[in-house]
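Protein chains: 2
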Amino acid sequence: MSVKLVVLYTQPGDVAGFDEHYLGVHGPLVDKIPGLERWESARVVAAPDGGEQTYYRVAELYFSDPAALEAGLASEEGQATAGDFQAIAPPGSRMFVAAVED
Amino acid sequence: MSVKLVVLYTQPGDVAGFDEHYLGVHGPLVDKIPGLERWESARVVAAPDGGEQTYYRVAELYFSDPAALEAGLASEEGQATAGDFQAIAPPGSRMFVAAVED
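Chains as they are written, first to last, in this note's numbering: chain Z, 94 to 195; chain D, 94 to 195.
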């Protein structure tokens, strides 16, 4: 069963500074996580339900199964990425593991 | 620029009833939306940040560009899907449009 880490970033105070770090530093850290099959980054542009644009970015990291995700996050590269997340994620940002349905 | 509709469902009171409707009724409605390139459904299984497991499901509907998404949601099939979302989505569920980065 394929799984993904879903990362929801809330709105940063300094959007340009956040993007610069996210794209220039954080992305390359994600790329190095062992066992990562692929990842997708997206920027929220609208909230069609009429609610608040709570999140600024959505990132999803795909792994073949829960064990691969766990090993990837526990690796040195995974820990470096998690540390960088802690450093840049605006308050209220969240992280979930989700089982992908075929 | 590829875009996706990101749908975050909060925890349903009746998980079995929700899943039955979501998989048996809602999914087939999504399948019929014109212009939809693909969609992915995932069930949240953990919150590794130690926070609340706020969401129960994450669905993502992919379109080739913002115009295709808009047309798909405005179509009869899109409106039927939106109506069904209103009927089944637990309070606090959200919907965002996100620009997918290559």
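Just so it is clear, CB atoms sit at the ideal spot from N, CA and C, and this is done for glycine as well. Keep in mind the model is a prediction, meaning the values are calculated, not measured.
If you measure between the beta carbons of residue i and residue j, is that distance less than 9 Å?
i: A191 (chain D); j: V190 (chain Z); result: no
i: G128 (chain Z); j: A164 (chain Z); result: yes
i: T103 (chain D); j: A161 (chain D); result: no
i: F156 (chain D); j: E194 (chain D); result: no
i: L98 (chain Z); j: E153 (chain Z); result: yes
i: G144 (chain Z); j: R187 (chain D); result: yes
Expressed to the nearest angstrom, what Euclidean distance is found between the alpha-carbon atoms of residue i and residue j?
i: L122 (chain D); j: G110 (chain Z); result: 41 Å
i: Q172 (chain D); j: E170 (chain Z); result: 44 Å
i: W132 (chain D); j: H119 (chain D); result: 12 Å
i: Q146 (chain Z); j: V137 (chain Z); result: 8 Å
i: L101 (chain D); j: A180 (chain Z); result: 25 Å
i: S134 (chain D); j: V108 (chain D); result: 16 Å
i: D177 (chain D); j: Y149 (chain Z); result: 26 Å
i: K125 (chain D); j: P184 (chain D); result: 25 Å
i: E113 (chain D); j: V151 (chain Z); result: 27 Å
i: D142 (chain D); j: D158 (chain Z); result: 19 Å
Along chain Z, in chain order, which residues have C-beta atoms closer than 7 Å to that of residue i?
i: K97 (chain D); result: A135
i: G144 (chain D); result: R187
Buried or exposed, going by whether 16 or more other CB atoms sit within 10 Å of the CB of residue i?
i: V96 (chain Z); result: buried
i: M94 (chain Z); result: exposed
i: A167 (chain D); result: exposed
Using the beta-carbon of each residue, which ones in chain Z are nearer than 9 Å to residue i?
i: E113 (chain D); result: The contacting residues do not exist; E113 (chain D) stays about 14 Å from chain Z at best.
i: E130 (chain D); result: Neighbours of E130 (chain D) on chain Z: none; closest Cβ ~14 Å, over 9 Å.
Taking residue i as the query, report the chain D residues whose CB atoms sit under 8 Å from its CB, ordered along the chain.
i: A140 (chain Z); result: R187, M188, F189, V190
i: Y148 (chain Z); result: F189
Using a cut-off of 7 Å between C-beta atoms, extract the partners of residue i located in chain D.
i: V123 (chain Z); result: None at all; the shortest Cβ gap to chain D is about 12 Å.
Listing by chain order, which chain D residues have their CB less than 9 Å from the CB of residue i?
i: V108 (chain Z); result: Going along chain D, no residue has its Cβ under 9 Å from V108 (chain Z), so there is no contact; the nearest lies around 14 Å.
i: E169 (chain Z); result: Going along chain D, no residue has its Cβ under 9 Å from E169 (chain Z), so there is no contact; the nearest lies around 17 Å.
Using a C-beta to C-beta distance shorter than 8 Å, which residues of chain Z count as neighbours of residue i?
i: V151 (chain D); result: V99, F189, A191
Quiz item: Quick one: complete alpha helix (DSSP H) runs, 4+ long, within the region 114 to 191 of chain D?
Solution: Those alpha helix (DSSP H) runs which fall completely within the region 114 to 191 of chain D and span 4+ residues are 120 to 124, 159 to 167, 169 to 181.
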